[in-house]
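Beneath this line is the structure, given in structure tokens, with notes to follow.
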Amino acid sequence: MNLDLAFYFAVFRRRLPYFLATVIVITAAALAVAIVLPPQYESEAKLLLESSQIPDAMAAPTVQSASLEKLQVLEQRLMTRENLLQIARAREVFKDIEEMTPNQIVGAMIRQTDISIRGGQQQATLMLINFTARSSEVASAVVSDYVELVLSADVDVRVEAAKDTLDFFQQETTRLSGLLSQLSAEILQYQNANADALPDTLQFRMTQLAQLQERLAASEREIELSSDQKGRLNAIFDAAVSAGIGALPQTDEARQLSLLRDQLAQARIIYSESNPRVRILEEKVKVLEDTVRRQTETGASDAGPSGATTTLKFQIADIETKLTQLETQKQELSKQIEALKDTIDRTPEVKIGLDGLEREYANIQQQYNTAVANLASASTGERIEVLSKGARVSLLEPATRPDGPSKPKRRRIALMGLVGGIGAGLGLVLLIELLNRSVRRPKDLIDSFGIMPIATIPYMQTPGEIQARRTIIAMTLVIVGIGLPGAVYAIHTYYMPLDQILANIAARLGVRL
1 MNLDLAFYFA VFRRRLPYFL ATVIVITAAA LAVAIVLPPQ YESEAKLLLE
51 SSQIPDAMAA PTVQSASLEK LQVLEQRLMT RENLLQIARA REVFKDIEEM
101 TPNQIVGAMI RQTDISIRGG QQQATLMLIN FTARSSEVAS AVVSDYVELV
151 LSADVDVRVE AAKDTLDFFQ QETTRLSGLL SQLSAEILQY QNANADALPD
201 TLQFRMTQLA QLQERLAASE REIELSSDQK GRLNAIFDAA VSAGIGALPQ
251 TDEARQLSLL RDQLAQARII YSESNPRVRI LEEKVKVLED TVRRQTETGA
301 SDAGPSGATT TLKFQIADIE TKLTQLETQK QELSKQIEAL KDTIDRTPEV
351 KIGLDGLERE YANIQQQYNT AVANLASAST GERIEVLSKG ARVSLLEPAT
401 RPDGPSKPKR RRIALMGLVG GIGAGLGLVL LIELLNRSVR RPKDLIDSFG
451 IMPIATIPYM QTPGEIQARR TIIAMTLVIV GIGLPGAVYA IHTYYMPLDQ
501 ILANIAARLG VRL
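Start counting the sequence shown at 1; every next residue gets the next number (full-length UniProt numbering).
Listed below in structure tokens is the structure:
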């Protein structure tokens, strides 16, 4: 592909005024901006997140959070609206701060503040706080205020978290202690209400039931024997009456025997057969029975038939009394057996209810023990945080007063304006030529009409046209060169500072200057 460099050079010379005007306009605007923009001073401080000074194996801290998360929380606490307004007004960060609204102050403070967090796995975690202000004193003062707020917020966060943990476990132990007391009262009430059917006394009641059943069987056998004896004595008495035998007066031993038998029957109702009192009464009854038997035999031989019948009557009366006592004893034993059977039958149900209460008590007791252990750990952790022995943020490098302004980069702005003006001028020339479809060289005739020209005659400008064209270009350059900086200055002075305009534009575009 052959390029007609002479043609393109001629075209560029013809469009040179447009190119120069564009370069001058953009360069002048960049120079005006570089000159008008006020100096900005940056101050920076470094904070270090230190690990706990006490090993976790000895006393684990109650405030545990990731390094990045902790520093992000501190950053959010720092960049609150209240803090920014207070610092901006106290330090007079902006010249016309009295005329600015709170939203404008907060927005400007956020734009001029830069907080970055650096760190990684097995690396120290740093927080860098940077602020840009109109003077070095203001910049360093604001950063110092930021650092003070961060350190204070770190202490507050750690202590509040530790105290909240301690308060929680104190409330939890109090609550669980109350539940334990309530359950203890319920268990005691349940045991008192079912004292006769508790599982712990089941074996004793089973043994007692077996003993009562044996005593009941013994009473039934004794009733049967006494009934048979009574029947035989009644038969003898009837035979004696039929034979005309009289009565025999009762002796003192016989009356004493009757009383002892009554006492023995009553003792058997109350005590078991192995009771010493029952055995003593049985021995006395045996002795008196032998004595009365001998008296009866002697009286029968000495007193005659009348004494024999009287003795039979007394014996029958004693047996009837004994039978009455035995029946009473049998009824009492039956009642006791039924009562024991009822308590034994209720024992499984009582055991289920008691096991449920004791199981709930054991669970709450375990929770209470855990809460007490956690309360001790929380108390230790609270002391660790109060004494600042846990993980904390410390000042690594304080804010320093900068020696010179860091912004704006005036040379860079001017150079970027010049480079941008040249690029814009070339682009304008190229755009004009792309939009120009007129025939200007023989090649255009050949491409457009398919004819070969014999010769070309260039356009000849008159001296007046040349002079007028040069005058227009010179006036344009003068107007642009003087008027544009003047317009920039007027906007900066009477409308809004250029740095504020640029900051607003950057904020809308989401770009940080």
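Cβ atoms here follow ideal geometry from the backbone N, Cα and C, with glycine treated the same way.
Sequence-distant residues of its chain with Cβ nearer than 8 Å to residue i (five each side left out)
i      : result
Leu357 : Leu183, Glu186, Ile187, Tyr190
Ser135 : Tyr41
Val278 : Leu264, Ala267, Arg268, Tyr271, Ser272
Asn275 : Ala267
Gly119 : Leu49, Ser67, Leu68, Thr125, Leu126
Distance, residue j Cα to residue i Cα
i           : j      : result
Arg15       : Glu465 : 16 Å
Glu99       : Pro39  : 21 Å
Ile117      : Lys46  : 10 Å
Asn192      : Asp200 : 13 Å
Thr165      : Ala124 : 27 Å
Lys322      : Ser226 : 8 Å
Leu375      : Gln72  : 29 Å
Gln336      : Leu212 : 8 Å
Thr101      : Ile24  : 38 Å
Arg399      : Gln170 : The sequence as given places Ala at residue 399; Arg does not occur at that position. Answer to the nearest angstrom: the Cα atoms are 42 Å apart.
Ile223      : Arg294 : 25 Å
Arg221      : Leu326 : 10 Å
Ile352      : Arg359 : 10 Å
Asn436      : Leu31  : 33 Å
Arg411      : Ala34  : 8 Å
Phe12       : Glu137 : 52 Å
Ala362      : Ser379 : 25 Å
Leu281      : Arg261 : 8 Å
Val63       : Ser377 : Residue placement at Val63 is flagged as unreliable, the pLDDT there being 47, under the threshold of 50; a coordinate-derived value is accordingly withheld.
Ala29       : Met416 : 11 Å
Phe168      : Arg158 : 15 Å
Val93       : Ala490 : 24 Å
Tyr368      : Leu176 : 6 Å
Leu5        : Ser406 : 46 Å
Glu50       : Gly178 : 41 Å
residue 519 : Lys409 : Because the chain here runs from 1 to 513, residue 519 falls outside it and cannot be looked at.
Leu434      : Ala10  : 15 Å
Ala247      : Asp196 : Model confidence at Ala247 stands at a pLDDT of 43, short of 50, so the residue's coordinates are unreliable; what they give is reported in the following sentence. When rounded, the distance between both Cα atoms is 54 Å.
Arg469      : Ile482 : 20 Å
Asn130      : Lys95  : 20 Å
Contact belief for residue i with residue j at Cβ below 8 Å, rounded distance in angstroms
i           : j      : result
Leu288      : Leu257 : 4 Å
Glu143      : Ser43  : Glu is not the amino acid found at residue 143; the sequence shown has Val there. Their Cβ separation, rounded to whole angstroms, is 4 Å, which keeps Val143 and Ser43 in contact under 8 Å.
residue 529 : Ile110 : Residue 529 lies beyond the residue range present for the chain, which begins at 1 and ends at 513; the question has no answer from this structure.
Leu426      : Phe19  : 7 Å
Ala21       : Thr476 : 6 Å
Lys230      : Glu320 : 7 Å
Endpoints, the beta strand (DSSP E) within which residue i is located
i      : result
Ala133 : 125-133
Glu44  : 41-50
Gly117 : Here residue 117 turns out to be Ile, not Gly, going by the sequence shown. Ile117 -> beta strand (DSSP E) spans 113-118.
Sequence-distant residues of the same chain with beta carbon closer than 7 Å to residue i, five excluded per side
i           : result
residue 542 : Residue 542 cannot be examined here, being either before or after the span of the chain that is shown, 1 to 513.
Arg205      : Leu340, Thr343, Ile344
Val429      : Phe12, Arg15, Tyr18, Phe19
Leu85       : Pro102, Ile105, Val106
Residue range of the unbroken alpha helix (DSSP H) whose run includes residue i
i      : result
Asp167 : 136-193
Leu426 : 410-435
Glu82  : 81-91
Contact under 8 Å by Cβ, residue i with residue j
i      : j      : result
Tyr198 : Val350 : Contrary to the premise, residue 198 reads as Leu rather than Tyr in this sequence. For Leu198 and Val350, yes; Cβs fall inside 8 Å.
Leu126 : Leu68  : no
Leu202 : Thr347 : yes
Ile97  : Ala88  : yes
Ala141 : Pro402 : no
Glu332 : Ile269 : yes
Gly486 : Thr27  : no
Gln366 : Leu180 : no
Thr173 : Ala371 : yes
Leu216 : Lys286 : no
Contacting residues, own chain, Cβ-Cβ under 6 Å from residue i (five flanking each side not counted)
i      : result
Leu354 : none
Gln315 : Leu233
Lys284 : Leu260
Asp318 : Ser258
Asp290 : none
Proximity test, residue i beta-carbon vs the ligand GDP heavy atom, cut-off 7 Å
i      : result
Asn374 : Absence of the ligand GDP is noted for the structure shown, with no ligands found whatsoever.
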